[in-house]
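What follows is a short report on a single structure.
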Amino acid sequence: MSAVEDPRTDVAGGTDGADGSVTFGLTVDGTAHEVTARWDESLLTVLRDRLGVRGPKTGCAHGRCGACAVKADLGDGGHVLCACLVPAATAAGGTVETIASISGPDGALSDVQEAFLAEGAVQCGICTSGFVTAATELLETNPDPTRPEIEAALYGNLCRCTGYGRIVAAVETAARTRRAATR
Amino acid sequence: MFANMATGGIGASVRRPDGPAKVRGEFSYAGDLTAEGMLIGVTVRSPHPHARILGIDTTAARAMDGVHAVLTVDDVPGDRHFGLVLRDEPVLADGVVRYAGEPVAVVAAVDAATARRAARAVEVTYEVLPALTDPQLALTAASIHPDGNVYRHVSYSCGDPDARGVVTVENTYRIGMQDPAFLAPEAGLARPTPDGGVAIEVATQWLHSDQKQIGWATGLPPEKVHVSLAGVGGAFGGREDVTLQTHACLLALATGRPVKIEYTREESFLAHRQRHPGTIWLRHSADADGRIVSVEGRVLLDGGAYASTSPVVITNTVTLLQGPYRVDNGRFEGWSVRTNNPSCGAMRGFGVPQAAFAHEAQLDALAAALDLDPVEVRLTNALQRGDVATFGQRFDAPTPVREVIEGLRAIPLPTGPAKLPGGVGRAAEGGTVRRGVGWAVTMKNLAFSEGHVDESTAEVSLRDGHATVHTACAEVGQGFVTVAEQVARTVLGATTVEVVQPDTLVASAGSTSASRQTMASGTAVYRACLAVRDRLLGRVARAHGLDAATLTVADGVVCAAGRPLGPVATAAPGQTFRATEHFQHPATHPLGSAEGGMYVAFGFSAMRAVVDVDVELGLVSVVQVASCQDVGTVVNPVQLRGQIEGGIVQGMGLALMEEVVVADGLITNPDFQDYLIPTIVDVPEVVSTYVTDPEPGMPHGWKGVGEPPLVTAVPVVAAAVRAATGLPLPAVPIKPEHIALGIGAAPTVTWTTPRPADPDRPRGAVIDEEPHDAPGTMAEEGAPSG
Numbered sequence: 001m002s003a004v005e006d007p008r009t010d011v012a013g014g015t016d017g018a019d020g021s022v023t024f025g026l027t028v029d030g031t032a033h034e035v036t037a038r039w040d041e042s043l044l045t046v047l048r049d050r051l052g053v054r055g056p057k058t059g060c061a062h063g064r065c066g067a068c069a070v071k072a073d074l075g076d077g078g079h080v081l082c083a084c085l086v087p088a089a090t091a092a093g094g095t096v097e098t099i100a101s102i103s104g105p106d107g108a109l110s111d112v113q114e115a116f117l118a119e120g121a122v123q124c125g126i127c128t129s130g131f132v133t134a135a136t137e138l139l140e141t142n143p144d145p146t147r148p149e150i151e152a153a154l155y156g157n158l159c160r161c162t163g164y165g166r167i168v169a170a171v172e173t174a175a176r177t178r179r180a181a182t183r
Numbered sequence: 001m002f003a004n005m006a007t008g009g010i011g012a013s014v015r016r017p018d019g020p021a022k023v024r025g026e027f028s029y030a031g032d033l034t035a036e037g038m039l040i041g042v043t044v045r046s047p048h049p050h051a052r053i054l055g056i057d058t059t060a061a062r063a064m065d066g067v068h069a070v071l072t073v074d075d076v077p078g079d080r081h082f083g084l085v086l087r088d089e090p091v092l093a094d095g096v097v098r099y100a101g102e103p104v105a106v107v108a109a110v111d112a113a114t115a116r117r118a119a120r121a122v123e124v125t126y127e128v129l130p131a132l133t134d135p136q137l138a139l140t141a142a143s144i145h146p147d148g149n150v151y152r153h154v155s156y157s158c159g160d161p162d163a164r165g166v167v168t169v170e171n172t173y174r175i176g177m178q179d180p181a182f183l184a185p186e187a188g189l190a191r192p193t194p195d196g197g198v199a200i201e202v203a204t205q206w207l208h209s210d211q212k213q214i215g216w217a218t219g220l221p222p223e224k225v226h227v228s229l230a231g232v233g234g235a236f237g238g239r240e241d242v243t244l245q246t247h248a249c250l251l252a253l254a255t256g257r258p259v260k261i262e263y264t265r266e267e268s269f270l271a272h273r274q275r276h277p278g279t280i281w282l283r284h285s286a287d288a289d290g291r292i293v294s295v296e297g298r299v300l301l302d303g304g305a306y307a308s309t310s311p312v313v314i315t316n317t318v319t320l321l322q323g324p325y326r327v328d329n330g331r332f333e334g335w336s337v338r339t340n341n342p343s344c345g346a347m348r349g350f351g352v353p354q355a356a357f358a359h360e361a362q363l364d365a366l367a368a369a370l371d372l373d374p375v376e377v378r379l380t381n382a383l384q385r386g387d388v389a390t391f392g393q394r395f396d397a398p399t400p401v402r403e404v405i406e407g408l409r410a411i412p413l414p415t416g417p418a419k420l421p422g423g424v425g426r427a428a429e430g431g432t433v434r435r436g437v438g439w440a441v442t443m444k445n446l447a448f449s450e451g452h453v454d455e456s457t458a459e460v461s462l463r464d465g466h467a468t469v470h471t472a473c474a475e476v477g478q479g480f481v482t483v484a485e486q487v488a489r490t491v492l493g494a495t496t497v498e499v500v501q502p503d504t505l506v507a508s509a510g511s512t513s514a515s516r517q518t519m520a521s522g523t524a525v526y527r528a529c530l531a532v533r534d535r536l537l538g539r540v541a542r543a544h545g546l547d548a549a550t551l552t553v554a555d556g557v558v559c560a561a562g563r564p565l566g567p568v569a570t571a572a573p574g575q576t577f578r579a580t581e582h583f584q585h586p587a588t589h590p591l592g593s594a595e596g597g598m599y600v601a602f603g604f605s606a607m608r609a610v611v612d613v614d615v616e617l618g619l620v621s622v623v624q625v626a627s628c629q630d631v632g633t634v635v636n637p638v639q640l641r642g643q644i645e646g647g648i649v650q651g652m653g654l655a656l657m658e659e660v661v662v663a664d665g666l667i668t669n670p671d672f673q674d675y676l677i678p679t680i681v682d683v684p685e686v687v688s689t690y691v692t693d694p695e696p697g698m699p700h701g702w703k704g705v706g707e708p709p710l711v712t713a714v715p716v717v718a719a720a721v722r723a724a725t726g727l728p729l730p731a732v733p734i735k736p737e738h739i740a741l742g743i744g745a746a747p748t749v750t751w752t753t754p755r756p757a758d759p760d761r762p763r764g765a766v767i768d769e770e771p772h773d774a775p776g777t778m779a780e781e782g783a784p785s786g
């Protein structure tokens with residue numbers, strides 16, 4: 001063993017391939033996968049190109065646009081992050097929920113998705129997966145967000161079409177709908 | 001109009017038909033495309049803004065396992081050149097590279113990693129040449145292209161340009177290079193077809209333009225080049241030119257396999273066309289009550305390495321320097337020139353934001369010099385129906401400039417404190433924060449101009465109440481799919497509508513640009529729906545022994561002499577009715593033509609911005625933008641509001657933060673870390689009101705709305721920051737240092753001896769063949785560089 005321990009041996013259930021690849025388990029939207037990927041591949045690349053999970057989108061691939069936002073539990077309780085910034089192997093043994101997990105089990109739209117449609121928060125839609133993912137996370141932790149709280153939760157997501165006004169309106173509408181439903 | 005609300009027709013806030021798939025993350029974008037046996041294409045790009053290519057060695061790249069093709073210009077079977085307006089751009093570099101990022105070779109391999117390795121293994125030997133990066137020098141520098149360094153020179157006058165009022169103000173304004181920054185990078189998937197042709201699914205704005213240019217390079221006739229629209233993640237003009245389309249097709253033909261190309265964000269910055277950066281000198285002379293006596297203007301736009309739409313954009317900028325004001329006397333001149341900077345072309349506003357930024361600063365300077373209210377000066381000069389433009393065209397449609405200004409004035413100012421300037425990036429306590437209020441009014445031409453044919457075709461069918469609409473109009477996010485559905489519901493009474501994914505099996509719809517698709521493709525759909533409806537009603541009339549002339553469709557019901565006969569859905573069971581209809585706007589003509597006007601139509605917009613500025617840190621918070629826009633008949637209120645808000649925020653981006661920084665021909669900020677677009681924290685409250693005069697000649701009186709909000713937002717935000725700081729700020733984006741250090745020269749104000757216009761001078765536009773002046777003289781006239 002060399003002085004610096006190879007961190008890959010710590011990967012939960014992970015095994016190294018001869019070609020620099022690594023094999024590990026990953027649960028995506030409730031389905032368990034065994035993934036073999038290069039060590040340097042991002043979670044986004046693994047989701048989109050290896051598993052065919054196309055809900056998270058590629059906007060910048062450097063963590064600035066949020067189009068690839070997913071909710072990931074990497075042993076830390078789970079939170080929304082940019083899948084493009086996470087080396088996939090560090091998610092080994094973890095759980096990822098993409099936009100596909102947000103609709104109801106019967107395929108019904110969630111209150112957030114419904115509000116995005118009703119308020120006109122969708123134009124080209126390439127940012128929508130990320131916004132719906134981040135807004136859903138916000139409302140789960142804060143059912144009655146103020147405008148500054150909405151901004152703080154969503155400033156990691158860029159939208160080039162809407163100017164954000166309809167997106168703020170959609171989050172406010174979804175929050176109202178959810179509060180009314182749980183009253 | 002209101003009857004249609006219930007049935008999802010025109011006037012209702014109908015939801016996007018593609019919306020459910022988009023909120024579920026299931027909508028397929030170009031970047032999501034995949035195919036069995038697909039290869040990945042990667043582009044080898046020049047690192048130099050100007051160099052001679054001494055040799056390209058592809059041996060090592062070709063020898064790599066998994067590499068199926070490496071193509072250079074010698075592998076282009078057809079015409080080596082392409083371009084939207086002039087065919088001056090090589091498909092792959094042909095002996096010389098003229099901008100950093102220019103494609104030199106393309107590679108196809110089994111996966112992205114192999115393709116990238118192979119691209120790095122292509123050895124290109126360059127002899128670096130001096131780069132021409134200063135547009136002021138382009139006229140006098142040695143030509144960097146066989147076609148010369150000037151894309152177009154425009155010069156004309158009207159009335160007596162030397163007429164003067166009591167005051168004359170002049171300044172030089174600069175506008176930075178803006179990136180369309182659509183969020184989905186360019187992507188497309190090409191496949192060889194069994195007939196020896198090629199098919200490509202691609203995120204584009206203009207399918208038939210792509211088809212034509214792919215045909216040139218591949219040598220294939222149009223019927224063997226099939227283009228279909230893949231899901232588009234924003235466009236804003238940046239997808240009007242060909243980027244990867246031809247490369248993907250050449251690779252598919254060379255390998256016999258499907259080939260996908262998807263750009264990285266950095267490549268996207270390098271490959272697509274930017275908004276033209278420009279320098280504009282303007283001199284306005286006015287009488288004591290602020291009425292404009294004469295305007296003189298000169299424009300220099302940096303078109304970058306290849307023409308794209310530079311010859312067209314310059315005319316927009318020069319002719320619209322007058323703004324939405326009556327100007328009887330003037331002299332206007334402009335150049336768009338070639339440099340070794342990134343190529344510029346279409347971006348939302350198409351040359352007009354540059355003009356608007358300059359003319360609105362001038363109106364404020366006039367008002368300040370004369371101690372008049374800036375709104376009153378604008379009202380005094382507002383264009384009215386029947387006025388004649390400096391370029392000779394009569395405004396013969398509603399010209400509601402006064403109305404948009406008055407509509408705006410009725411909106412109350414915001415009260416109370418707002419968040420501190422600086423957003424989430426703010427690290428310091430507030431210094432001195434000052435509030436400013438600015439006004440701006442603009443005019444934007446709608447649809448193609450100057451003789452470029454503006455047309456579209458729609459195929460519509462109806463069976464048992466289900467309508468199918470097929471056009472080649474690219475849906476890029478703006479919501480044409482919703483408009484087409486609304487038209488089919490209103491005219492046909494259709495219960496369900498399918499808008500078919502656009503392709504080249506139907507005739508051209510032109511580009512999704514110039515605020516034109518509701519007017520062009522919307523009208524084609526309207527006409528095709530009318531024809532289908534008439535066929536349905538003819539059938540119903542024969543079946544019931546009625547006179548077809550007495551039959552109508554209202555709210556999905558066939559009526560005879562106004563009395564309900566039965567639902568459209570059951571009016572002719574199992575019968576399919578079809579029609580194909582074409583629409584073309586009345587012809588337009590080049591600047592100076594005696595035959596008619598340059599432009600199809602105009603949209604007018606007025607805005608008021610309220611900003612808070614931390615004058616020590618130079619940070620700006622835009623608190624509110626109020627807008628009143630001339631929008632014709634409202635087709636879909638929610639989508640309209642989306643266009644207004646989105647346009648305002650893009651314009652605010654250009655005013656305050658967005659600039660592609662080019663140093664020695666190299667883009668220094670080709671990513672979203674360093675090229676900043678507005679976030680949700682940066683955006684203002686938007687109050688949006690409308691003037692809804694129906695546009696003559698358009699069904700229901702609709703008109704284009706997409707560009708005016710951006711055009712007006714640029715000058716209005718700048719005006720508000722000037723009002724808050726008292727600084728002249730003659731350049732956008734307004735950077736923190738411009739505010740904190742007071743960079744930028746104030747307008748020169750000269751008290752002049754009034755000189756009435758010579759009545760013998762011709763009123764219309766007179767074209768000047770020779771330049772009045774050289775663009776280089778603008779360098780000494782005020783604005784900060786860069």
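For the protein sequence lines, the chains are A and B, in the order given.
Residue 167 in full-length UniProt numbering sits at position 167 of the first sequence, and the numbers go up by one each step.
Residue 491 in full-length UniProt numbering sits at position 491 of the second sequence, and the numbers go up by one each step.
A virtual CB, placed ideally from N, CA and C, is assigned to each residue, including glycine.
Residue nearest to Leu183 of chain B within the set B:Trp439, B:His208, B:Tyr173, B:Gly233 is B:Gly233 (criterion: CA-CA distance). Setting aside the 5 residues that flank it on each side, Leu74 of chain A is surrounded in the same chain by Val86, Thr90, Ala91, Gly94, each with a C-beta closer than 8 Å to its C-beta; the list follows chain order.
Within the segment 120 to 147 of chain A, the residues whose Cβ lies closer than 8 Å to some Cβ of chain B are Gly120, Val122, Gln123, Cys124, Gly125, Ile126, Cys127, Thr128, Ser129, Val132, listed in chain order. Nearest to Ala467 of chain B by C-alpha distance, out of B:Ala484, B:Gly479, B:Phe480, is B:Ala484.
A distance below 8 Å between beta-carbons, with the five flanking residues on each side excluded, links Arg463 of chain B to the following residues of its chain, in chain order: Gly574, Gln575, Thr576, Phe577. In this structure, the alpha-carbon of Leu282 of chain B lies about 15 Å from that of Gly744 of chain B. One thing to note: Val96 of chain B has its Cβ no nearer than 8 Å to the Cβ of His247 of chain B. Pairing Glu455 of chain B with Glu645 of chain B, the inter-Cα distance amounts to about 28 Å. Taking 9 Å as the cut-off between beta carbons, none of the residues of the segment 450 to 470 of chain B comes near chain A. Not a single C-beta of chain B is nearer than 8 Å to the C-beta of Arg183 of chain A.
When DSSP reads this structure, Cys628 of chain B sits in a beta bridge with B:Ala606, B:Thr689. DSSP places Gln393 of chain B outside both helix and strand once states are collapsed to three, so it counts as coil.
In this chain, the alpha helix (DSSP H) harbouring Arg527 of chain B covers 517 to 544.
A residue is called buried when at least 16 other Cβ atoms come within 10 angstroms of its Cβ; Asp18 of chain B meets this threshold and is buried. The segment 71 to 124 of chain B is shown to contain whole beta strand (DSSP E) runs of 3 or more residues at 103 to 109, in chain order. Burial of His470 of chain B is indicated by the presence of at least 16 other C-beta atoms within 10 angstroms of its C-beta.
For His62 of chain A, the neighbours in chain B by C-beta distance under 8 Å run, in chain order, Arg265, Asp671, Phe672, Gln673. Judged by DSSP secondary structure, Asp162 of chain B falls outside any alpha helix (DSSP H); it is assigned neither H nor E.
Going by C-alpha positions, Val22 of chain A is about 32 Å away from Ala190 of chain B.
Under the three-state reduction of DSSP output, Gln213 of chain B falls in the helix class. In terms of Cβ geometry, Val540 of chain B and Val557 of chain B do not form a close pair [threshold 8 Å]. DSSP places Glu201 of chain B inside the beta strand (DSSP E), whose first and last residues are 198 to 202. Residue state for Gln584 of chain B is assigned as strand, using DSSP reduced to three classes. In this structure, DSSP gives Phe182 of chain B a state outside helix and strand, which the three-state scheme calls coil. Contact with chain A is absent for Arg378 of chain B, since none of that chain's Cβ atoms lies less than 8 Å from the residue's Cβ. Between the alpha carbons of Val202 of chain B and Phe236 of chain B lies a distance of about 16 Å.
Residues are counted here when their Cβ sits less than 7 Å from a Cβ of chain A; for the segment 162 to 184 of chain B these are Ala181, Phe182, Leu183, Ala184, given in chain order. If you draw a straight line from the Cα of Phe131 of chain A to the Cα of Ala514 of chain B, it is about 29 Å long. One Cα belongs to His452 of chain B, the other to Pro56 of chain A, and the distance between them is close to 40 Å.
Only buried fits Ala626 of chain B, as 16 or more other CB atoms lie within 10 angstroms of its CB. With its beta carbon at least 8 Å from every one in chain B, Glu149 of chain A lies outside the interface. If you draw a straight line from the Cα of Val500 of chain B to the Cα of Ser308 of chain B, it is about 30 Å long.
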